[in-house]
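Report on the following structure.
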Amino acid sequence: MKGNFMSIAKVSSILANRIRVIRNSKGWTQQRLAQEINIHPTYISRIESCNKLPTLYIIARIAEVLDVEAYELLLEDEKLNTSDYKKKKIINILKESSPANIGIYFPLISALHKERNKNRKRR
């Protein structure tokens with residue numbers, strides 16, 4: 194049964210790339226990530242070079258310290274750029290926010306939305 198499933202090699206490649214990209218965006222080395230999750234740095238190196246497929250526990254720990262959802266480590270780049278994904282991400286941020294933070298976010302989002310609508314009308 195083939196279906197639309199990804200090969201293990203493809204999953205490993207996507208996972209390796211996402212971990213590397215997110216880690217680099219935080220300015221972290223492989224050493225730093227390894228320290229954060231209490232594993233040997235060569236393990237991270239092997240994951241990022243597609244030589245090791247980590248356990249679900251390690252994937253969950255990596256996601257936790259990189260401050261992303263575990264499933265996001267398995268999304269291909271083009272899926273991360275869809276507007277549906279971005280809307281869900283914003284909604285999740287708002288759901289997890291305190292009332293004080295929502296009080297900060299709302300005027301910012303409203304101002305951005307208003308400015309965007311102004312620019313659309315000028316065209």
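Heads up, the final residue of the sequence shown is numbered 316 in the numbering used here, and it's a clean run with no missing numbers. The beta-carbon is built from N, C-alpha and C at its ideal position, and this holds for glycine as well.
Check: When you compare only the Cα positions, how much space is there between residue 198 and residue 268?
Finding: 13 Å
Next item on the list: Taking 8 Å as the cut-off, decide whether the C-beta atoms of residue 226 and residue 216 are in contact.
Entry: yes
Note to self: Taking the alpha carbon of residue 282 as the reference point, which residue from 203, 264, 232 and 236 has its own alpha carbon closest?
What the structure shows: 264
Check: alpha helix (DSSP H) containing residue 219: first to last residue?
Finding: Where residue 219 is concerned, there is no enclosing alpha helix (DSSP H), given that its DSSP letter is neither H nor E.
Next item on the list: Look at the alpha carbon of residue 256 and the alpha carbon of residue 241, and state the distance between them as a whole number of angstroms.
Entry: 14 Å
Notebook entry, point to check: Where residue 252 and residue 315 are concerned, what is the direct C-alpha to C-alpha distance, given to the nearest angstrom?
Noted result: 48 Å
Checklist line | Check: residue 258 C-beta below 7 Å from any heavy atom of the ligand SAH | finding: Summarising the ligand content, the structure contains no ligands, and the ligand SAH is consequently not present.
Checklist line | Pairwise C-alpha distance: residue 224 and residue 311 | finding: Straight-line spacing of the CA atoms in residue 311 and residue 224 works out to 47 Å.
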